[in-house]
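Just below is one structure, and these are the notes that go with it.
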Amino acid sequence: MDDQNNPATAPANSGELELEYDIVVADKVVITAGTKVTVRKPMGGALRGANLGGLVRMEYNQVALVAPRVTSPVLHPHLVDAMDPADVTMLAGILVDFLLPTATKEALSQAA
């Protein structure tokens, strides 16, 4: 059976992050709290130059490198710099979720 056609097991191609805090640059609100940011599943090209191990460990520099390639609205590195740590962590978590194999996700959900 092809799991790609089963919505319960098919991998998601995008995730969504609702910002909890404003993104403020130079005392100006650039993106308001409550804005929904779509995060697309990064394919090979979006991961070019990224350290996958670092991304899985949610290292800030790797998240900031990949974020502008997969987010809408685009979160450029200077915007990621201005994000609240809670929002950065949520973004990183979405990216990590895309990178984990399905078997690993299933094992983690059964362990919880």
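Read in the numbering used here, the sequence shown has 44 at position 41, and its numbers run on one by one without any break.
We put the CB at the ideal spot given by N, CA and C, even for glycine.
Beta carbon of alanine 85, beta carbon of valine 32: below 8 Å?
no
Sort Ala67, Thr107, Ser75 by Cα distance to threonine 92 and report the nearest one.
Ala67
CB contact flag (isoleucine 34, proline 76, <8 Å): yes
Q.
Please state the DSSP three-state secondary structure of asparagine 8.
A. Residue placement at asparagine 8 cannot be trusted, given a pLDDT of 46 that sits under 50; the coordinates are not used to answer.
Practice item. Please classify leucine 103: is it buried, with 16 or more other beta-carbons within 10 angstroms of its beta-carbon, or exposed? Key: exposed
| task | Compute the distance between the beta-carbons of leucine 22 and valine 42, then report whether it is under 8 Å. | result | no
Problem set entry | Test item: CB-CB of leucine 98 and leucine 20 under 8 Å | no
Output yes if chain D places a C-beta closer than 8 Å to the C-beta of isoleucine 34; else output no. Reference to chain D is not applicable here, since this structure consists of a single protein chain.
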